Amino acid sequence: MREAIATELLAARDRTALLTDAVDDGDLTAQHSRLMSPLVWDLAHIGNQEELWLLRNVGGREPMHPEIDPLYDAFEHPRAERPTLPLLPPAEARAYAREVRGRVLDLLSGVRLTGAPLLEAGFAFGLIAQHEQQHDETMLITHQLRKGAPVLTAPAPGPAPTEGLPAEAVVPAGPFTMGTDTEPWALDNERPAHQVDLPGFAIDTTPVSNAAYQRFIEDGGYQEPRWWDPLGWAHRTSAQLSAPLFWSRQDGQWLRRRFGHLEPVPAEEPVLHVTWYEADAYARWAGRRLPTEAEWEKAARHDPVSGRSRRFPWGDAAPGPQHANLGQRHLRPAPVGSYPEGASPYGVRQLIGDVWEWTASDFTPYPGFRAWPYREYSEVFFAPPGQPAEYKVLRGGSFAVAPVACRGTFRNWDYPIRRQIFAGFRTARDLLDGS
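Count the sequence shown with numbering that gives the first Met the number 0 and you get residues 0 to 434, in order.
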């Protein structure tokens, strides 16, 4: 277990180093969008959270630099104001994160990984590995928003074998187990496991492609209020949305900007950088709807033969490169229909990796939810009783997500107007007979 924990911690740090070493100090300290922190804030915040949870809470150590704690408290300072704070300069931020990591690896070599909730199965170490990888995804979003010459490279995914692939998969009515009680590093909003009984439904075999989304645009989808949620139409109008973020129309061709490269929009890739409202409007235009969170998870995890819920669509084994596009390995989604070895028992592909998928569901707690190990991870984002929810649930992870921070029960959430995130969607429909 210690070796597995160290491997995850080091993999996360390698990715952090790549994302922060790829640019100069000016880019590290700049705010490339008011929606995002300066990269140097993320770098020191990673170290600060690692110190807080592992050195202080697990190891009982005294704070190394208590004066900086308020600077890197994500709830104390919104992203828009972080550039005005007296942040650690890049060299000091790197040195701080490096010193914390060295002490953590020393702690890991001797601590007992049992006997206390934070230590059981190495949970606190898994929490920190996931936290850093989540910030690595956030930093990759910042790289996408950054202007200037490209600094990141990665090979493109291969072609997808799609011949004979059906457009949708049918998931019959019946109960399944949603959530988990057994995943050792699952976060509080994934717990507890509970039975959900669903009517039958059909769900897209693959995420919606750029080519399909272009048909929505060309059919006037952005000009027709009937397809849009009223709040979505108001946002579309005020924000003047007419295509996914980073798309532009030049000489009769759709182009996109991707990590500094201007390139034709690839028809075969899943559509990316759309709001929940855009996804919902497309689904209505197509005569369908977004799947609920429960439908998404049943399509991804339920094995109709055994009746059990798997960790991942393909089974319980950890993700490999044959299963899913994860870990910033390609820096773009794979073509729709990719990864047949990663398909669920119902034949649904790309449920893990490639693009986060918007669902119809609000972000709410499961029955029996208990905040742990701190309220601010999930509970503060749930709507108060009787109040409308602010956040919609996304599922499945994206190409920017590391395997350690992605599984069949993992829940992400964001405002329905957000589209700088690596989000796409697939659609669903009710079965006419409900079976």
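Backbone N, C-alpha and C define an ideal beta-carbon position, used for all residues, glycine too.
Keep in mind that this is a model prediction, so the values were computed, not measured.
With burial defined as no fewer than 16 other Cβ atoms inside 10 Å of the residue's Cβ, what is the status of E340: buried or exposed? exposed
Would H134 and I45 qualify as a contact pair, given that the criterion is a beta-carbon distance under 8 Å? yes
Simplified DSSP assignment, three categories, for H142: helix
Determine the direct distance from the alpha carbon of A242 to that of Q298, and round the result to whole angstroms. Residue 298 is actually Ala in this sequence, not Gln. Cα to Cα, the separation comes out at about 29 Å.
With DSSP collapsed to three states, give me the class of E61. coil
Please report the straight-line C-alpha distance between P334 and G199, rounded to a whole angstrom. 28 Å
Please state if the CB of W184 and the CB of Q129 are separated by a distance shorter than 8 Å. yes
Would you kindly report the start and end of the unbroken alpha helix (DSSP H) that includes L104? P89 to G109
Nearest CA to the CA of Y212: which residue from W355, W284, F368 and A399? W284
Hey, quick one: how far does the alpha helix (DSSP H) through Q213 stretch, first residue to last? N209 to E217
Which residues mark the beginning and the end of the beta strand (DSSP E) in which E167 is found? E167 to V170
So who's on the other strand from M0, going by DSSP bridges? Note: M0 sits in no beta bridge, so no partner.
Measuring alpha carbon to alpha carbon, tell me which residue in M177, A79, L51 and E66 is nearest S308. M177
T176 - DSSP class collapsed to helix/strand/coil: strand
Runs of alpha helix (DSSP H) lying entirely within the region 232-308, each at least 4 residues, in chain order: 275-284 and 292-300
Buried or exposed: T274, going by 16 or more other Cβ atoms within 10 Å of its Cβ? buried
Count the C-beta pairs between the region 382-396 and the region 161-180 that are closer than 8 Å, then say yes if the count reaches three, no if not. no
Contacts around T363, its chain only, beta-carbon distance under 8 Å, and the 5 residues preceding and following it disregarded: F381, A382 and A388
Do three or more CB pairs link the region 253-267 to the region 343-362 at distances below 8 Å? no
Start and end of the alpha helix (DSSP H) containing T28? D24 to T28
Burial state of T113 (16 or more Cβ within 10 Å): exposed
Cβ neighbours of G367 in the same chain (closer than 6 Å, five flanking residues each side left out): P191
Below 8 Å, can you find three or more Cβ-Cβ pairs linking the region 42-57 to the region 80-94? yes
Distance between beta carbons of F409 and N324, contact taken as under 8 Å: Between F409 and N324 the Cβ distance is about 16 Å, and since that is not below 8 Å, they are no contact.
When DSSP labels each residue in this structure, what does R134 get in the three-state scheme? The question names Arg, yet the displayed sequence has His at residue 134. Of the three classes helix, strand and coil, the one that applies to H134 here is helix, per DSSP.
Does the region 415-432 come close enough to the region 264-283 to have 3 or more Cβ pairs within less than 8 Å? yes
Distance cutoff 8 Å, beta carbons only. Does R428 sit that close to anything in chain D? Reference to chain D is not applicable here, since this structure consists of a single protein chain.
Is A427 buried or exposed, if buried means 16 or more other CB atoms sit within 10 Å of its CB? buried
Under 8 Å, with one C-beta from each stretch per pair, do the region 93-103 and the region 50-58 reach the 3-pair mark? yes
Hey, quick one: how far does the beta strand (DSSP E) through Q194 stretch, first residue to last? H193 to L197
Give me the residue from A153, R214 and V170 with the minimum Cα distance to V304. V170
Going by Cα to Cα distance, which pick from D413, T291, I202 and D302 is closest to L430? I202
If we count the other Cβ atoms within 10 Å of its Cβ and call it buried at 16 or more, is E217 buried or exposed? exposed
Please state whether DSSP places W412 in a helix, a strand or coil. strand
Got a sec? Which residues, its chain only, sit under 7 Å from G326 by beta carbon, not counting five neighbours each side? A401 and P402
Residue range of the alpha helix (DSSP H) that includes E356: Not the alpha helix (DSSP H): E356 falls in the beta strand (DSSP E), residues W355 to D361.
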